[in-house]
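Only one structure is covered here, and it is reproduced in the block below.
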Amino acid sequence: MDVYPPQYVEHNLPFVVLSGLGDAPSDDSGYEPHPLLKDRGIEIDSAVPVVTGERVDQLRQEFLSADAREAPWNGLRTRTRGDHVGFRLKAVGRGYVLPPRKAQVPQISPDETPPGTPVLGSGHRWVLHSPISPLSPGSPTFPDGVMSPLWIAKHQNHIPSVFISFFDFTSEPGRDTLNDNQLKAEINRIKAIFHSSGYKTHYAVVLMSDRSIFEAPDIEERLANIRRTTGLDPKNALFFLPANPSHMGKELIHAERYSDALSALKPLWEELHSRLLRPKQGKTYDLMNCLDSFPRAEGAEKLHVTLRARDFMSCLSITAEFAVVEGHVAEPILTQIAVRSYAHRGSKPIVLDNLTVTFRGSLGSIKLQHQPNESGPSPFTDLTVTEDEAHKAGNIPSFKGSADLSFSAGEVRVFTFPITFREAGEVFVESAAFEIDTDRFHLTCTAESPQDNTEPLWWYRGKRGLKTKRLGRIMDDPAIKVLPKPPKMEVRLPNLQKRYYATETVILELEIENGEDEEAEATLDFVLMDQQKNPFEFSWLTSDDDAASDEQRPDPSGHRMGKMEPGAKRTQGVRFAAPVDSGEVLFEAKVVYHVISDPDVPISKTIVGELAVIDPFEATYDFTPQVHPDPWPSFFHIDDTQMPEASADAATAKAFGLTARYLMNVRVGSYAEEDLVIQDADLTVHEVAGGAMARVTKKAGDEPEAEIAPQVVQLRTFCVDVQKTALEDRRSSALATSISVTWRRKTAMSQHADAAGSVRSVIANPRLIAANSEPRVLASARASAQVPTLIHLDYTLENPTMHFLTFDVSMEASEEFAFAGPKLTALHVLPHSRQTVRYNVLPLVKGAWIYPQLRVQDRYFNKVLKPAPTEGMRQDKRGIAVWADVVDEEGGEKLSRLHFLAGLSSGVLSAVLLQPADLLKTRVQQSRSTTLSTTLSNILRGPDPVRSLWRGTVPSALRTGFGSALYFTTLNALRTSVARSEGALLNHHHHDRNPNPTTTTQHVVGAGGGAGNSSSSSSSSSSSLVKLSRLGNLVTGAVARASAGLVMMPVTVIKVRFESSYYAYPSLWAAVADIRRAHGARGFFAGFGATAVRDAPYAGLYVLFYEESKKALGALAGVATTTAANNGGGGGGGGGGGDVTMGGGEAAAVNFASGVVAAGAGTALTNPFDAIKTRLQLLPDRYANMAHAARLMLREEGVGSLFDGLGLRMARKALSSALAWTLYEELIRRAERRFVASEEAVMKG
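Under UniProt numbering, the first residue of the sequence shown carries the number 1, and numbering increases by one thereafter.
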């Protein structure tokens, strides 16, 4: 270390300069400052004399003794008083030089420019740095690439962290003001020097006075004046050092200020105690006999002395610890009391009469009584303590024991014993006390919080005596945390439900199981609260044990369970009504018990939780007007029933005004997480405003009791008749209603009888408005009983006013339907009467909504009335709509047969025509070594090329024909079913009515007979299929193809074997026998997985592309798209249209082109599955399954093997699909045209 400069190895400590504390500077001979750090420095001098005297010398010596520049380099704590952090301290006189902050400006060389040279405008501006900076000329820093220690020396020896100036602060009458002003000026001057130097040195001032504030009270005011003038903070910059504290103490005593005197003298006493009171050589201390040398007066009482450790230092230290940080009630916990003696060596033993440690919390106290040990005291003593009943407070125990309590000087004695807690909680050591009782005196010494600032230690026996180990807690933590005894009594909720529902009766079962090893006596407490912590009412259910017991229940919230054997189980139920509003119900179930062998130790097990309560149902409704079947009252025919009856109660008065009927469809949705059973639903009218009376009837046909699954909606329909009390009252009526649902759980939550009861949930509705004061038009529809597709569309015009009204009625023609009825007419409606006009509508679309456009204009009010839909109809932006259902029953059966025959014919024809292409595709796919040209040339060079090309035609025709028949029939059935289900979402069951329509002169208007109002969603096209969404087209096509493929798979396998060159079957029966013999029944379905994966997506994509292509090609062709049935005309009669419709040839061309496009796209996407399917059907022994075949083909032949035969398959699929679908649609078009023509004939008749 000697090879390094001293600045590198010395401690880097704060540098403190003491200015004016004595004349002579402190010794600093070991350091010689560098010239750069002292030349041109910043001088700090003062004309004020330095402070001197004996007190100054002591203070100076005390400061310099704290210098730590020579402290050793280790982690040991220093032996200096107070163990302060070290400082570098230096005492100077009044003069001190700070190192220069900036280097000197370089000297400018002599001016050697020739005379007459122009002079520059300004001199050079130097950028100056520190003298020891590498940027300053002459700096020794980094001379040879090694850093110089000057920077460390500058801050450790020249620039102080703190500069302290010491001044005399005298009190001279008449000169105090002059002295103070001189002192303030000097302090401010030195502060200004430090401020201008730029160094961040803290400046402090110590004023040393020969008098105290008590002797010269004006000192306090003078100090305040100096503080204000200099701006020094009295907390860290301005200090006042009065005269010697001992003299101050005397003065305070003379002034009878004893507390202040004690505060002043106590620090001196502690200093003397620590430094001066040393044991005397040859002196033996004996506390037990310390008063024997004093004579005892006769009759004198024994001296009693009480000491507190906060005021006096005791020679005995007492600590109490527990072996664990956390313990449990009723479990023995090892406890330790350690006593250490700090008496001087050689002192006689101290014998205690007793030792007491007091605790705060769930432990009272532990008291040890002295009992001499014949063998002498032991450093480590195991004791047994017992409960002290005399000091027991409630259930908080105290303990007592006996031990030898004699302690020698410097000895440590440890007493260890187990104790048992009765209550849980935190335990703190509050105080420790010991008593010494002799013949001459009785001494009591108490230490409060004896373990504050003491590290928790546990003593144990070591090989060489007692040793300690740290406990796992910090000093401020409790001595121990006593937890409740781990309960072995279990509380369960066997019938806890995920959700509870508002207003239902809840049965909550609490199952108690005794897991203790012995018999226990238990009490069950139960608390129920709402979210605001308000108590909730409940009742205990009576069990068999309760019925057999005659004991009185002590508390409604507690239930005595009685004695329970080990392993016994008991179930107790509570009953309460769930709140009306959804939310959470908080519960707490607590079983408190004790084992029979230890009744004083209560044990508890608590479970808390939340019961989620939700509304089981939510309701939405439609409040639609209906046509009331009864005739309206008339001003022209008055009978006795229309005469008002005298009644004091308006609610019971008979109503004889107009009656309006409304249909309320209530959709009850289940928010439950389980199946419920709706037993009944009612619509209740609470109040009717507007001078009317309301009657509610349930619609016949609703199931009285029905199960409802989660997130499922059930429909309940009610008929509401609102009748005005007076005929002339035209006000609107408002109805306050609610829906009450009576329900029960499908599976009862408990076996108790109350758990199976019904629950009534009320759902409030907004106020319903029944407005029947203005004329209106009600539209109603019902299916014809004679013609399956015919719809009777009735428009009822109501006139509730006192005016004679005339309505102009006109029906607009549409491409969606043909109708029979007045295209343009006028209706005259009397006051308080109504009329009905009927239209017979023949839809030209299937499975879709049609939009009749009826225009009704009131001539009197010059107002156009919009028809309002009734039951079975809907309304949107386009107007009211009627569902055109798919033909069923006889017509449906006929059309189903037509679909089967049309599919069969188209499939057989396309199979026969395209058999050569299918055979060539099979030959190419059976091996990568063959190509199309070689395969075709081999067949043509054969003996019978024509027969070879059409080899396998019979199974192919059977497969394709019957497969197409099954496919088209299944597809039609699926699309019909999907169309009906989609329509049923909005169109609920049609119900026949008898509104007694007024029939007017009718005529039939065909499609396109007037200005239509069609759109792409409902317009006709070349398709004969039922209208579906894109997803419906995709799904129905895929499902239909997979179903037909499964049925026809045996034929497909035989067909592929016939076409392949691997087999040479003489007949179909030979092929069937060979497949059955080799592979069993499973062989007929080889490759079905790949076939389904290929055909199902292909068929779905084909139908999707096919329908979309027909729309696009129809638009490109520039013709109005119509339905296939529209080619047959709408009916006879007037109103022929001027729109151009798609003829049969145009429709066939569009269908053929769409089939080619759809087949090409679908084939390209699904060809890999076709290649895999062919390999599985030809070589079932080589390929285990579809995945195995795909892996082998990719590994052995590459990706190209998956697209073998793509060109042939695409060409064949395009032609076969186009031919099959075009022929199929044409046959269906012609059959439907004849069917529609027959229906129109019936309608005309």
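Where is the CB? At the ideal position from N, CA and C, for every residue including glycine.
Cβ neighbour criterion (16 or more within 10 Å) applied to residue i
i: GLU10; result: buried
i: PRO916; result: buried
i: CYS445; result: buried
i: TRP126; result: exposed
i: ARG1175; result: buried
i: GLN451; result: buried
i: GLU271; result: Because the pLDDT of GLU271 is 47, which lies under 50, any placement of that residue in the model is unreliable, and the number read from its coordinates should be weighed accordingly. Classification of GLU271: exposed, given that the 10 Å Cβ count is below 16.
i: LYS1173; result: buried
i: GLU516; result: buried
i: LYS1055; result: buried
i: GLY198; result: exposed
i: THR386; result: exposed
i: GLY1006; result: In this predicted model, GLY1006 has a pLDDT of only 38, less than 50, meaning its place in the structure is not dependable; the value taken from the coordinates is given anyway. The residue is buried, with at least 16 neighbouring Cβ atoms inside 10 Å.
i: MET802; result: exposed
i: HIS594; result: buried
i: PHE1169; result: buried
i: THR976; result: buried
i: residue 1260; result: For residue 1260 there is no data in the structure shown, the boundaries of the chain being 1 and 1245.
i: ASN862; result: exposed
i: LYS563; result: exposed
i: residue 1246; result: Coverage of the chain is limited to positions 1 through 1245, which leaves residue 1246 absent and any answer about it impossible.
Residue i vs residue j beta-carbon contact at 7 Å
i: GLN531; j: GLY583; result: yes
i: GLY961; j: VAL1047; result: no
i: TRP1221; j: GLY1155; result: yes
i: VAL414; j: ALA522; result: no
i: SER810; j: LEU824; result: yes
i: LEU827; j: LEU797; result: yes
i: PHE623; j: VAL741; result: no
i: ALA770; j: SER738; result: no
i: residue 1252; j: PRO625; result: Because residue 1252 is not part of the residues shown, which for the chain are 1 to 1245, the question remains open.
i: LYS154; j: LEU128; result: no
Cβ distance (whole Å) where residue i is taken to contact residue j below 8 Å
i: VAL912; j: ALA957; result: 6 Å
i: residue 1327; j: LYS724; result: Any question about residue 1327 goes unanswered here, given that the chain covers just 1 to 1245.
i: VAL321; j: GLN336; result: It is worth fixing the name first, because residue 321 is Glu in this sequence and not Val. Sure, about 5 Å apart at Cβ, within 8 Å.
i: SER19; j: PHE166; result: 7 Å
i: TYR203; j: PHE163; result: 5 Å
i: PRO484; j: VAL329; result: 6 Å
i: MET475; j: PRO494; result: Not quite, the Cβ-Cβ distance comes to about 48 Å (not below 8 Å), so this is no contact.
i: LEU241; j: LEU207; result: 7 Å
C-alpha distance - residue i paired with residue j, whole-angstrom precision
i: GLU331; j: PRO377; result: 30 Å
i: PRO869; j: GLY1160; result: 46 Å
i: ALA24; j: ARG94; result: 10 Å
i: VAL829; j: PRO843; result: 30 Å
i: VAL357; j: LEU586; result: 44 Å
i: VAL1072; j: ARG1182; result: 20 Å
i: ARG1230; j: ARG745; result: 56 Å
i: TRP950; j: ALA1112; result: 37 Å
i: ILE226; j: LEU443; result: 53 Å
i: PHE194; j: PHE239; result: 19 Å
i: GLY1132; j: ALA820; result: Bear in mind that a pLDDT of 33 at GLY1132, under 50, signals an unreliable position, so the number given afterwards is only what the model happens to contain. Their backbone Cα atoms lie some 9 Å apart in a straight line.
Segment contact, 8 Å Cβ cut-off, at least three pairs: the segment 452-467 with the segment 341-349: In short, these stretches do not touch, since the Cβ pair count stays below three.
Is it the case that the segment 845-863 contacts the segment 812-821, given that we only count it when at least three CB pairs across the two stretches are under 8 Å? Contact holds: three or more Cβ-Cβ distances are below 8 Å.
Are the segment 778-798 and the segment 702-722 in contact at 8 Å, needing three or more beta carbon pairs? Contact between the segment 778-798 and the segment 702-722 is absent: fewer than three C-beta pairs spanning the two stretches fall below 8 Å.
Touching by the beta-carbon criterion (3+ pairs, under 8 Å), the segment 55-74 and the segment 29-47: By the Cβ criterion, the segment 55-74 is not in contact with the segment 29-47, since fewer than three pairs of Cβ atoms, one from each stretch, lie closer than 8 Å.
Under 8 Å, with one C-beta from each stretch per pair, do the segment 1031-1043 and the segment 1097-1114 reach the 3-pair mark? As far as the Cβ criterion goes, the segment 1031-1043 touches the segment 1097-1114, which means the pair count is three or higher.
Report yes or no: do three or more beta-carbon pairs, one from the segment 658-675 and one from the segment 599-610, lie closer than 8 Å? Touching, no.
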